[in-house]
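In what follows, a structure is listed as structure tokens, so that the remarks can point back to it.
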DNA sequence: TACGATCGACAACGTGGTTGTCCAAACAGT
DNA sequence: ACTGTTTGGACAACCACGTTGTCGATCGTA
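Residue numbers (the working numbering), protein chains in the order written: chain A, 5 to 159; chain B, 5 to 159.
As structure tokens, this is what we get:
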């Protein structure tokens with residue numbers, strides 16, 4: 005029984021491989037839908053900005069990085085036309101970062117593609133297997149929420 | 005049925021959260037065992053070096069990065085005392101990168117910790133559940149091998 | 001009104017990746 | 001045995017992405 009068990013180091017590698025496979029497929033598909041220059045980090049950042057917009061400092065807090073780092077990422081996103089900075093009418097210090105129509109489109113497309121990818125897993129593994137995989141992982145990850153602070157990790 | 009399904013974007017987040025949880029626990033435990041300054045990237049790099057050692061170019065190929073990037077990482081690893089460069093007797097151009105006893109120890113400890121972490125998952129989820137999770141992931145990741153080229157990705 | 005907290009900007013720096021150039025050594029073909 | 005092509009490693013410039021620290025302007029509150 006124990007002899008049939010794979011070594012423990014396979015588990016994290018498999019989890020990462022699964023994650024990476026999905027993210028790679030997402031961006032390949034995103035590229036064919038008019039968003040060739042969205043990178044994984046940008047997707048997470050736009051998710052942190054949300055539909056209502058947020059200040060740079062707030063984005064940093066949500067991503068778990070400094071406001072300076074968040075500001076730089078916002079700069080790149082702005083250069084690509086995915087977000088825009090507008091003055092916050094309620095706070096003269098603050099500038100609100102908002103998704104442009106292009107940014108909103110990429111988020112909507114991403115959500116739709118993720119649904120398709122999950123459907124592909126269901127088609128191959130069966131709905132029960134995928135649901136059980138998800139519930140197993142939910143049980144093992146400590147935080148109640150999801151890790152939005154993916155950038156900044158790896159160091 | 006379909007209404008009970010979570011949105012597709014949860015799946016990659018859960019996979020990443022699981023991976024990250026394991027890696028974080030590994031390094032927390034590694035730190036208490038005399039290896040506080042091993043970072044995720046270093047672990048993957050030492051794995052790529054292996055017990056027999058390898059040239060910088062070969063390490064780069066295994067990690068999926070340029071030989072220059074591999075060289076820089078080897079420099080940092082060498083500064084920490086985990087690897088050493090020795091002249092390759094069979095090739096005067098080449099220098100062999102070898103794990104030091106300290107490097108070997110960190111690799112052995114990591115393998116042992118990963119086994120314990122997997123055992124913890126088995127204790128919580130049951131052996132069947134963990135095995136089924138692993139086999140599901142094996143079925144969905146395209147490459148036969150494991151992704152050693154984790155650094156260099158994320159961009 | 002004055003004081004502390006927070007906003008965004010700017011600078012310096014560390015890490016980890018990329019190209020490109022260069023020389024010396026290895027190798028393969030004639 | 002000579003010659004041309006590959007290859008290994010060093011060096012430099014650069015980009016992406018993160019960090020701290022500092023600063024002036026603004027906000028909120030005592």
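Quick reminder that beta carbons are idealized off the backbone N, C-alpha and C, glycines included.
- Going by the CB atoms, is the gap between residue 23 of chain A and residue 44 of chain B shorter than 7 Å? Within the second chain, the letter at position 40 stands for residue 44 of chain B. Within the first chain, the letter at position 19 stands for residue 23 of chain A. No, the pair does not count as a contact, with Cβ atoms beyond the cut-off.
- Would you say residue 55 of chain A reaches chain B, if we count a Cβ-Cβ gap shorter than 7 Å as a contact? Against the first chain, residue 55 of chain A aligns to sequence position 51. Residue 55 of chain A does not count as touching chain B.
- With DSSP collapsed to three states, give me the class of residue 136 of chain A. Residue mapping note: residue 136 of chain A aligns to position 132 of the first chain, counting from 1. In the structure shown, residue 136 of chain A sits in a helix (DSSP, three-state: H, G or I).
- Message: Any beta carbon from chain A within less than 7 Å of residue 33 of chain B's own beta carbon?
- Response: Residue numbering aside, residue 33 of chain B sits at position 29 when the second chain is read from its first letter. No - not a single Cβ of chain A is within 7 Å of the one on residue 33 of chain B.
- Within chain B, the residues that residue 119 of chain A reaches when beta carbons sit closer than 7 Å: The residue given as residue 119 of chain A occupies position 115 in the first chain. 11, 12, listed in chain order.
- Could you give the residue range of the beta strand (DSSP E) that holds residue 102 of chain A? Here residue 102 of chain A is taken as the residue at index 98 of the first chain, counted from 1. Per DSSP, residue 102 of chain A belongs to the beta strand (DSSP E) from 99–103.
- If you draw a straight line from the C-alpha of residue 36 of chain A to the C-alpha of residue 9 of chain A, how long is it? Residue 36 of chain A sits at position 32 when you count from the first residue of the first chain. Residue 9 of chain A sits at position 5 when you count from the first residue of the first chain. Distance between the alpha carbons of residue 36 of chain A and residue 9 of chain A: 41 Å.
- Query: Of all the alpha helix (DSSP H) runs that stay within the bounds of the segment 5–92 of chain B, which reach a length of 4 or more residues?
  - Reply: 14–36, 44–53, 60–67, 71–83
- Message: Against residue 143 of chain B, what residues of chain A qualify as contacts under a CB-to-CB distance less than 7 Å, listed in chain order?
- Response: For the purposes of this step, residue 143 of chain B is identified with residue 139 of the second chain, where counting begins at 1. In chain order: 128, 129.
- Query: Distance, Cα to Cα, residue 90 of chain A vs residue 101 of chain A?
  - Reply: Residue numbering aside, residue 90 of chain A sits at position 86 when the first chain is read from its first letter. Residue numbering aside, residue 101 of chain A sits at position 97 when the first chain is read from its first letter. When rounded, the distance between both Cα atoms is 6 Å.
- Task: Could you list the residues in the segment 58–90 of chain B with a C-beta less than 7 Å from some C-beta on chain A, going in chain order?
- Result: none
- Item | Buried or exposed (CB count within 10 angstroms, at least 16 for buried), residue 38 of chain A | Along the first chain, one-based indexing puts residue 38 of chain A at 34. That one is exposed.
- Are at least three pairs of beta-carbons, each pair with one atom in the segment 100–117 of chain A and one in the segment 128–147 of chain A, less than 8 Å apart? no
- Can the beta-carbon of residue 76 of chain A be found less than 7 Å from the beta-carbon of residue 60 of chain A? As a working mapping, residue 76 of chain A is identified with position 72 in the first chain. As a working mapping, residue 60 of chain A is identified with position 56 in the first chain. No, these two residues do not count as a Cβ contact at 7 Å.
- Item | Pick from A/144, A/32, A/97, A/12 that is closest to residue 110 of chain A, judged by C-alpha positions | Translated into positions along the first chain, residue 110 of chain A becomes position 106. Residue 110 of chain A has its Cα closest to that of A/32, out of A/144, A/32, A/97, A/12.
- Anything in the segment 96–125 of chain B with a Cβ closer than 9 Å to a Cβ of chain A? List those residues in chain order, please. 114, 115, 116, 117, 118, 119, 120, 121, 122, 123, 124, 125
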